[in-house]
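What follows is one structure encoded as structure tokens, with my remarks underneath.
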Amino acid sequence: MAGVAFIGGFCIMTIEMLGARILSPYFGGSLSVWGSIITIFMLALALGYLLGGRLSTRDPNGMTFAGFFIGAAVFSLPVILFADAIMEPIFLAIEDPRYGSLFAAIFLFFIPTSILGMISPYSVRLMVETQEHSGHMAGLLYFISTLGSAAGTLGTSFYFVLWFEVNQILWGAVVALIAAAGIILVAHHATTPQALKQDKRYANKRA
Amino acid sequence: MQTKGPKLPGLLLVAALLLSQSSVLSAAETIHEERSKYRDITVTQTGDRRCLLFNVHRGDRNQTCVMVNDRDRLVFDYTRMSFAGLLLKPDPQRILVIGLGGGSIPLTFADLFPTAEIDIVEIDEAVVRVAEEFFFFAETPNMSVYVDDGRPFIKRAGIRGQSYDYVVLDAFSGDYIPEHMLTLEFLEEVKRIMTADGVIVANTFSTSRLYDHESVTYQHAFSDFYNFKLPSSGNRIIIARLDTLPPRSELVDQAQQLYVSLEKYGVPLLEYPRRLSTRVDWDMSRRVLTDQYSPGNLLQDN
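These protein sequences, in sequence, are chains A and B. Okay, so the first sequence: first residue is 14 according to our numbering, each after it adds one. Okay, so the second sequence: first residue is 223 according to our numbering, each after it adds one.
Given below as structure tokens:
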């Protein structure tokens, strides 16, 4: 669980750091372009936290959790494959680079980032066994995913852009997200009998 | 253009640098200081010499200077070198300058070619204000200043079918390197707005690994270009056009016709033709800078 939370945090910031580079050919490198990107990432994460928390109240399970990673990977693909096709009409329609970059950031990054935002609250629900531990678990998971974010920021801005092309780095993030989903599914499979037992106990207790 | 700031040397060295810097500054009187969205701007004056400095605390050199009692004279080599493009395009009518600085390049163009239309793109509105207030910059009827990023401005100009016959790229000064204006895709967009006989003059990096990467990128975009360096200057100017480069004799002829009109600005045009080199003096195996790969700020330090 710790590993996949780390990967989620890592990928959020890797994509965010590359965001400015992706937008700059159309909207320039001004401060407002960074402003657009950070705003959209914050809003997307906020929505993701809300939805992820909400979803965790309904039958929390590893399959759904793995689905977040796969969803984030799939919705990151347009950034790799169709970035120009998405940005060009926005560039033509909106002259002001502030709003141009804001709309481009929405269309490119909002959905994958929202999905990545669902990971943290959902993982808290999966990890928490007792009420007393919930704060501890939430703290631990946010600690790990934020460490991942720090590593993603540093790795991308210091090294990856020096070694790889933007799209190669994005493909790396996609592969990492899918690998995380794989890890969750394997772990889920291994623990399902136990989980079922727990569920049964729970059901018996209720009955 | 660019000097490197202290990079974690011993404390003593830092202290020594700070001391030497402050003694340099105390000789010059600071007449204006402000922090803009992009940089710290300082205006100093020593006698008649007034200078614009960016990010002085991080050790940048002067961006531009003017002599307040001899405003026509161009103080810096790189500013003078920007007019070497006239050897290829002696009568520009549509001029684009990316990066205003103190405004001495566009002012000189306006003075030389009163009927030419001059568009200037400067990302930092504070620089425009300081140029007007302290460096005698003023828009003429044929001149427009756009506060915008150079890349989207050029992309949009290309889509609108606008063209220029003299393009000056001077956006790479200060410690902010706009990486999106070093790429092959950007140069293709510049080519799109150049007239068939137009010329591009780019003030670029003369040191560090970036020199190799940039040279390879310009080579890809323009196949051949003039590499223009002077022993007295740390700058390297790239001069290119869409067509193949003319024989040197043509440059010499142009220099002889033009040098008188450039004398009052202090541009030694007659010396320039022999300094325009097409010799490859960079590592050709370096990667081309593209929108996918452009770590200019990281390459600069090595």
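Ideal Cβ placement from N, Cα and C applies to all residues, glycine included.
Any C-beta of chain A under 9 Å from that of residue i
i                         : result
glycine 372 of chain B    : yes
serine 244 of chain B     : Below a pLDDT of 50, predicted positions are generally treated as unreliable, and serine 244 of chain B, at 47, falls in that range; no measurement from the model is reported.
leucine 230 of chain B    : Confidence is the limiting factor: at leucine 230 of chain B the pLDDT is only 44, short of 50, which leaves the residue's position unreliable, though a coordinate-based value still follows. No, leucine 230 of chain B lies away from the interface with chain A (no Cβ there is under 9 Å from its Cβ).
serine 248 of chain B     : Confidence is the limiting factor: at serine 248 of chain B the pLDDT is only 48, short of 50, which leaves the residue's position unreliable and the question unanswerable from this model.
methionine 223 of chain B : With a pLDDT of 41 at methionine 223 of chain B, under the threshold of 50, the modelled position of that residue is not reliable, and the figure given next carries that caveat. It does not; no Cβ of chain A falls within 9 Å.
serine 516 of chain B     : yes
histidine 402 of chain B  : yes
tyrosine 260 of chain B   : yes
tryptophan 504 of chain B : no
leucine 520 of chain B    : yes
arginine 378 of chain B   : yes
threonine 405 of chain B  : yes
leucine 381 of chain B    : For clarity, residue 381 of chain B is isoleucine in the given sequence; the question names leucine instead. Isoleucine 381 of chain B counts as touching chain A.
aspartate 434 of chain B  : no
Beta-ladder partner(s) of residue i, from DSSP
i                            : result
alanine 106 of chain A       : Alanine 106 of chain A pairs with nothing; no bridge assigned.
threonine 426 of chain B     : B:Arg458
threonine 268 of chain B     : B:Arg271
phenylalanine 276 of chain B : B:Ile263
aspartate 370 of chain B     : For aspartate 370 of chain B, which the question treats as bridged, DSSP gives no partner whatsoever.
threonine 405 of chain B     : In DSSP, threonine 405 of chain B forms no bridge with anything.
valine 421 of chain B        : B:Tyr388, B:Arg463
valine 288 of chain B        : B:Arg272
Cβ-Cβ distance between residue i and residue j below 9 Å
i                            : j                            : result
phenylalanine 450 of chain B : tyrosine 494 of chain B      : yes
glycine 61 of chain A        : serine 158 of chain A        : no
leucine 409 of chain B       : phenylalanine 444 of chain B : yes
alanine 418 of chain B       : alanine 462 of chain B       : no
valine 367 of chain B        : isoleucine 342 of chain B    : yes
alanine 79 of chain A        : histidine 201 of chain A     : yes
glutamate 339 of chain B     : arginine 316 of chain B      : yes
isoleucine 25 of chain A     : leucine 58 of chain A        : yes
serine 45 of chain A         : arginine 111 of chain A      : yes
glutamine 478 of chain B     : leucine 467 of chain B       : no
leucine 334 of chain B       : alanine 379 of chain B       : no
leucine 498 of chain B       : arginine 470 of chain B      : yes
threonine 252 of chain B     : threonine 266 of chain B     : yes
alanine 393 of chain B       : isoleucine 345 of chain B    : yes
glutamate 178 of chain A     : glutamine 514 of chain B     : yes
leucine 190 of chain A       : isoleucine 83 of chain A     : yes
Bounding residues of the alpha helix (DSSP H) (the contiguous stretch that carries residue i)
i                            : result
phenylalanine 450 of chain B : It is not in any alpha helix (DSSP H) - phenylalanine 450 of chain B instead sits in the beta strand (DSSP E) that spans 448 to 451.
phenylalanine 444 of chain B : 430 to 444
tyrosine 155 of chain A      : 144 to 167
aspartate 392 of chain B     : Segment: none, aspartate 392 of chain B is in no alpha helix (DSSP H) and carries neither H nor E.
leucine 90 of chain A        : 75 to 94
alanine 360 of chain B       : Run containing alanine 360 of chain B: none; DSSP gives neither H nor E here.
aspartate 299 of chain B     : 299 to 303
glycine 7 of chain A         : With chain A running from 14 to 220 in the structure shown, residue 7 of chain A is simply not present.
tryptophan 47 of chain A     : 44 to 68
Beta carbon proximity, residue i to chain B, threshold 9 Å
i                            : result
phenylalanine 40 of chain A  : yes
glutamate 29 of chain A      : no
leucine 121 of chain A       : no
phenylalanine 177 of chain A : yes
valine 174 of chain A        : yes
glycine 32 of chain A        : no
serine 43 of chain A         : yes
serine 88 of chain A         : Inspection of the sequence shows that residue 88 of chain A is occupied by phenylalanine rather than by serine. Output row for phenylalanine 88 of chain A: interface = no.
Range covered by the beta strand (DSSP E) that runs through residue i
i                         : result
histidine 254 of chain B  : 251 to 257
isoleucine 399 of chain B : Segment: none, isoleucine 399 of chain B is in no beta strand (DSSP E) and carries neither H nor E.
leucine 318 of chain B    : 316 to 320
isoleucine 342 of chain B : 339 to 344
CB contact check: residue i to chain D, cutoff 9 Å
i                      : result
leucine 409 of chain B : In the displayed structure, chain D is absent; the protein chains listed are A and B.
Checklist line | Against chain B: residues of the stretch 91 to 111 of chain A by CB proximity under 9 Å | finding: From the stretch 91 to 111 of chain A, only Phe104, Leu105, Glu108, Pro110 have a Cβ closer than 9 Å to chain B.
Next item on the list: Compile a chain-ordered list of the residues in the stretch 304 to 321 of chain B whose CB is closer than 8 Å to at least one CB of chain A.
Entry: none
Item checked: Proximal residues, the stretch 326 to 351 of chain B versus chain A, C-beta separation under 8 Å -> Ile345
Notebook entry, point to check: Which residues, in chain order, does the stretch 177 to 202 of chain A contribute to contact with chain B at a C-beta distance below 7 Å?
Noted result: Glu178, Val179, Asn180
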